[in-house]
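So the structure is just underneath, and the comments pick up after that.
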Amino acid sequence: MHESISPVLTACKGCVLALFVALFSLSPARAASEQPATYAVESSRASQSLLLGIASAGARRVTVGDRGHILYSDDQGISWQQGRVPSRQLLTSVFFVDDQRGWAVGHDAQILHSVDGGENWSLQYSDPELEAPLLDILFVDARRGFAVGAYGSLLRTRDGGAHWDSISDALDNEDGFHLNAITRLTDGTLVIVGEMGVLFRSTDAGDSWEALDSPYEGSLFGVLPTRETQGLVMYGLRGHVFRSDDAGDSWQEIALQRAEGGRFEFGLAGGALLDDGSLVIVGHGGALLRSQDNGQSFQVTLREDRQSYAGVAAGDDGSLLLVGQSGVQVAPAASPSRQ
Numbered sequence: 206m207h208e209s210i211s212p213v214l215t216a217c218k219g220c221v222l223a224l225f226v227a228l229f230s231l232s233p234a235r236a237a238s239e240q241p242a243t244y245a246v247e248s249s250r251a252s253q254s255l256l257l258g259i260a261s262a263g264a265r266r267v268t269v270g271d272r273g274h275i276l277y278s279d280d281q282g283i284s285w286q287q288g289r290v291p292s293r294q295l296l297t298s299v300f301f302v303d304d305q306r307g308w309a310v311g312h313d314a315q316i317l318h319s320v321d322g323g324e325n326w327s328l329q330y331s332d333p334e335l336e337a338p339l340l341d342i343l344f345v346d347a348r349r350g351f352a353v354g355a356y357g358s359l360l361r362t363r364d365g366g367a368h369w370d371s372i373s374d375a376l377d378n379e380d381g382f383h384l385n386a387i388t389r390l391t392d393g394t395l396v397i398v399g400e401m402g403v404l405f406r407s408t409d410a411g412d413s414w415e416a417l418d419s420p421y422e423g424s425l426f427g428v429l430p431t432r433e434t435q436g437l438v439m440y441g442l443r444g445h446v447f448r449s450d451d452a453g454d455s456w457q458e459i460a461l462q463r464a465e466g467g468r469f470e471f472g473l474a475g476g477a478l479l480d481d482g483s484l485v486i487v488g489h490g491g492a493l494l495r496s497q498d499n500g501q502s503f504q505v506t507l508r509e510d511r512q513s514y515a516g517v518a519a520g521d522d523g524s525l526l527l528v529g530q531s532g533v534q535v536a537p538a539a540s541p542s543r544q
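So in this note's numbering, spot 89 of the sequence shown is number 294, and the numbers just go up one at a time.
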């Protein structure tokens with residue numbers, strides 16, 4: 206059985222994804238070319254609305270979220286411009302392979318593509334009838350990519366998204382647990398995490414997958430590589446964080462403590478490996494976690510706004526760009542937030 210809606214709603218991206226996931230399922234998707242384009246409405250308040258994913262496109266930052274909004278900033282998040290997007294669906298994740306070529310995913314199993322740094326987008330793939338979400342996207346290079354999502358959905362492209370194929374059957378996931386995130390380790394290993402602690406690994410660029418023993422039976426919402434060759438950190442419900450230095454063969458749970466005392470138990474929804482090698486993870490209750498030692502320990506901050514955050518990216522000036530329930534917030538390098 207899938208986890209009930211209530212606990213997932215309190216801990217997944219933006220507190221809204223699980224509701225949609227629970228109501229809809231996936232079926233074989235239709236080619237994007239079969240669907241008429243409906244463009245996102247321009248809004249002066251788009252940068253203050255629900256945003257769930259953020260990525261770097263060279264020096265530019267690109268973020269995605271509610272109503273098909275895709276925004277880009279060239280000034281460290283001070284101002285944002287809205288891209289032209291043929292979708293009004295909730296978008297959940299975005300990934301760029303360079304400063305021009307990027308992909309975004311979201312509800313209706315949509316996959317969108319940009320070749321100009323996020324200013325204009327085209328619809329590559331969609332299943333509009335069942336409105337089931339894709340939750341994360343990863344490209345190994347400009348041609349090879351993967352998207353994961355609800356009910357065990359795993360899609361792959363080998364031609365930059367011109368064609369997407371379902372390879373969900375490659376996973377030992379008979380119950381169809383939701384797949385929430387995918388990442389690539391320093392040595393090229395691919396790792397997927399999801400609902401009920403499901404955990405999958407590929408060491409051959411996604412041609413085959415093995416299920417790994419998971420240290421946790423609750424939902425995992427994110428997974429990050431570290432600077433180590435086979436290092437990774439995964440995180441999810443109630444502040445659970447786990448670290449591995451052997452690509453998931455063994456795990457260590459990382460105990461998180463609030464500065465004022467007591468165990469940290471806020472759900473964690475998004476994170477990033479920064480260029481300086483540090484790890485940053487964000488979540489509910491204004492949670493902001495930082496690690497300088499490949500995930501062996503984390504400094505825990507609860508921002509005064511206590512908002513729910515779903516994604517994070519670094520600014521070139523050392524600041525952090527946080528996206529979540531109220532859009533984009535900029536945390537300065539020396540954050541004044543309460544510990």
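Glycine is no exception: its CB is placed at the ideal position from the N, C-alpha and C atoms.
Distance, residue j Cα to residue i Cα
i: VAL487; j: HIS368; result: 33 Å
i: GLN281; j: ASP380; result: 43 Å
i: LEU525; j: LEU255; result: 18 Å
i: LEU343; j: GLY467; result: 36 Å
i: THR434; j: ASP450; result: 8 Å
i: LEU317; j: VAL290; result: 8 Å
i: GLY305; j: GLY323; result: Contrary to the premise, residue 305 reads as Gln rather than Gly in this sequence. Cα to Cα, the separation comes out at about 7 Å.
i: SER424; j: ALA242; result: 34 Å
i: GLN534; j: TYR277; result: 14 Å
i: ALA245; j: LEU295; result: 10 Å
i: ASP374; j: GLN457; result: 30 Å
i: SER419; j: ASP341; result: 20 Å
i: ALA538; j: VAL353; result: 33 Å
i: ALA236; j: SER358; result: Unreliable placement is indicated for ALA236, whose pLDDT of 48 sits below 50; the coordinate value is still reported in the next sentence. Cα to Cα, ALA236 sits roughly 16 Å from SER358.
i: ALA260; j: SER496; result: 19 Å
i: GLY472; j: PHE426; result: 9 Å
i: ALA460; j: GLY441; result: 13 Å
i: ARG265; j: GLU247; result: 20 Å
i: GLU415; j: SER249; result: 46 Å
i: VAL161; j: ASP498; result: This structure does not reach residue 161, given that the chain is present from 206 up to 544, and the question cannot be answered.
i: GLN462; j: ASP412; result: 40 Å
i: ALA309; j: ARG361; result: 14 Å
i: VAL398; j: ALA386; result: 6 Å
i: ASP370; j: PHE503; result: 38 Å
i: ARG348; j: VAL269; result: 22 Å
i: ILE162; j: GLU509; result: No answer is possible for residue 162: it lies beyond the span of the chain, which begins at 206 and ends at 544.
i: SER230; j: ASP321; result: With a pLDDT of only 33 at SER230, under 50, the local geometry of the prediction cannot be trusted, and no value is derived from it.
i: HIS489; j: GLY273; result: 23 Å
i: VAL528; j: LEU376; result: 31 Å
i: HIS383; j: GLU422; result: 13 Å
i: GLN530; j: ARG432; result: 30 Å
i: VAL226; j: ASN325; result: Bear in mind that the predicted position of VAL226 carries a pLDDT of just 36, short of 50, making it unreliable; the figure below should be weighed with that in mind. VAL226 and ASN325: Cα-Cα distance of roughly 28 Å.
i: PRO333; j: ALA355; result: 14 Å
i: ALA337; j: PHE447; result: 29 Å
Supposed contact pair residue j and residue i - C-beta distance, whole angstroms, cut 8 Å
i: VAL345; j: THR388; result: That belief does not hold up - the Cβ atoms of VAL345 and THR388 are roughly 11 Å apart, past 8 Å.
i: VAL438; j: GLY500; result: 4 Å
i: GLN315; j: SER298; result: Actually they do not touch by this definition, with Cβ atoms about 11 Å apart.
i: ALA536; j: LEU479; result: Their Cβ separation, rounded to whole angstroms, is 13 Å, which puts ALA536 and LEU479 out of contact at 8 Å.
i: ARG511; j: GLY491; result: 4 Å
i: PHE588; j: LEU417; result: Because the chain is modelled from 206 through 544, residue 588 falls outside the range shown and cannot be assessed.
i: GLY311; j: LEU339; result: 6 Å
i: ASP303; j: GLY258; result: Contact flag wrong, Cβ pair sits at about 18 Å.
i: GLY482; j: VAL517; result: No, GLY482 and VAL517 are not in contact; Cβ-Cβ is about 15 Å, not under 8 Å.
i: GLY436; j: GLU470; result: Between GLU470 and GLY436 the Cβ distance is about 25 Å, and since that is not below 8 Å, they are no contact.
i: GLY350; j: VAL396; result: The Cβ separation is near 15 Å, so there is no contact.
Cross-strand partners of residue i (DSSP beta bridge)
i: GLY350; result: PHE344 and THR362
i: GLN530; result: Answer is none; GLN530 lacks a bridge partner.
i: TYR421; result: Paired residue(s): none; TYR421 is not in a bridge.
i: GLU509; result: DSSP lists no partner for GLU509.
i: ASN325; result: ARG289
i: HIS312; result: HIS312 pairs with nothing; no bridge assigned.
i: VAL320; result: None; VAL320 has no bridge partner.
i: THR388; result: VAL396
i: VAL403; result: VAL403 is not bridged to any residue.
i: TYR569; result: No statement about residue 569 is possible, as the shown extent of the chain runs from 206 to 544 and does not include it.
i: ILE151; result: Since the first residue shown for the chain is 206 and the last is 544, residue 151 is missing from the structure and cannot be characterised.
i: LEU376; result: For LEU376, which the question treats as bridged, DSSP gives no partner whatsoever.
i: ALA416; result: PHE405
i: PHE447; result: MET439 and GLU458
i: ASP370; result: ARG361
i: VAL428; result: MET439
i: LEU525; result: ALA519 and ALA536
i: SER249; result: According to DSSP, which records beta bridges pairwise, SER249 is partnered with nothing at all.
Residue i Cβ short of 8 Å to the ligand GDP heavy atom set
i: SER496; result: This structure lacks the ligand GDP, and indeed carries no ligand of any kind.
Min CB distance residue i to chain B below 9 Å
i: TRP285; result: Protein chain content of the structure displayed is limited to a single chain, and chain B is not contained in it.
Practice item. Spell out a yes or no on whether the stretch 328 to 340 and the stretch 355 to 366 are touching, meaning 3 or more CB-CB pairs, one atom from each, closer than 8 Å. Key: Taking 8 Å as the limit for Cβ pairs, the verdict is that the stretch 355 to 366 does touch the stretch 328 to 340.
Point to revise | Complete runs of the beta strand (DSSP E) confined to the stretch 450 to 502 [at least 3 residues] | key: Within the stretch 450 to 502, complete beta strand (DSSP E) segments of at least 3 residues are found at 473 to 478, 484 to 488 and 492 to 496, given in chain order.
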